[in-house]
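Below is one structure; the comments refer to it alone.
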Amino acid sequence: RISDEYLFLKGERDISSAAAFYPQRYHIQLLTKFLAKELKAHKGAPVDFIDIGCGAGMVGLAVAASEGSREVVLTDLEDQLGSPQRSLDLNDDEIKSKTRLMSLPWGDLEAGKKVIESLSEDDDERELWVCGSGLVYFDSLMAPLADTFEQLLNARPKAVAYIG
Numbered sequence: 001r002i003s004d005e006y007l008f009l010k011g012e013r014d015i016s017s018a019a020a021f022y023p024q025r026y027h028i029q030l031l032t033k034f035l036a037k038e039l040k041a042h043k044g045a046p047v048d049f050i051d052i053g054c055g056a057g058m059v060g061l062a063v064a065a066s067e068g069s070r071e072v073v074l075t076d077l078e079d080q081l082g083s084p085q086r087s088l089d090l091n092d093d094e095i096k097s098k099t100r101l102m103s104l105p106w107g108d109l110e111a112g113k114k115v116i117e118s119l120s121e122d123d124d125e126r127e128l129w130v131c132g133s134g135l136v137y138f139d140s141l142m143a144p145l146a147d148t149f150e151q152l153l154n155a156r157p158k159a160v161a162y163i164g
């Protein structure tokens with residue numbers, strides 16, 4: 001669940017200890033707190049959430065633990081999905097039921113299309129949040145990342161990007 005200070009996963013693993021060896025931990029903490037406040041403001045209007053380059057999945061799982069989320073998709077390269085899968089496995093069935101992991105190489109329009117199609121089409125008016133934190137370490141990744149954000153944000157009439 002989301003608290004004011006930390007994300008708690010099943011087994012009382014908090015984000016500070018889980019991220020102690022993760023260099024982006026402070027960005028994750030700040031982004032998680034910010035998203036928690038934003039979701040509270042969306043009472044009665046659940047959002048769908050796509051986490052780009054999710055790493056261990058901490059931000060996306062924090063959103064999935066919130067009452068303000070409907071569907072959550074954690075994305076990363078295929079060979080990087082083991083870490084968020086292990087994080088997801090630590091959570092309860094409610095979080096697992098609304099969270100899925102998918103491969104999404106940046107700039108791969110077919111993979112982006114599959115991520116979009118994985119979200120329910122029952123309510124195209126539901127707001128879509130696309131999020132990424134600590135994503136780019138090489139300039140050559142900027143253009144494919146921008147293409148991916150553009151594709152996902154254009155999938156819904158109401159979409160917003162959160163980049164930390």
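Numbering-wise, full-length UniProt numbering puts 67 at position 67 of the sequence shown, and it's gapless, one number per residue. For every residue, glycine included, the Cβ atom is placed at its ideal position computed from N, Cα and C. Note that this is a predicted model, so its numbers are computed, not measured.
Asked, Found
"Whole-angstrom distance between S103 and residue 165, CA atom to CA atom", "The structure shown has nothing for residue 165, since the chain only spans 1 to 164."
"Residue of L35, H27, N91, L81 minimising C-alpha distance to L160", "In the sequence as presented, Leu is not what sits at residue 160; that position holds Val. That would be L35, whose Cα lies nearest to the Cα of V160."
"Proximal residues to H42 (C-beta, below 8 Å), its chain only, five neighbours per side dropped", "G68, E127"
"Simplified DSSP assignment, three categories, for D51", "strand"
"CB contact flag (W106, L141, <8 Å)", "yes"
"Inter-residue spacing [alpha-carbon to alpha-carbon] between L7 and A62", "At L7 the pLDDT is 39, less than 50, meaning the model places this residue with poor confidence and gives no usable figure here."
"Integer Cβ distance of D76 from G55, believed to fall under 8 Å", "7 Å"
"Through-space distance from S133 to L90, alpha-carbon basis", "22 Å"
"Residue environment, Q29, which counts as buried when at least 16 other CB atoms sit within 10 Å", "buried"
"D48 burial status per 10 Å Cβ neighbour count (16 or more: buried)", "buried"
"Cβ-based burial, E71 [other Cβ within 10 Å; buried from 16]", "buried"
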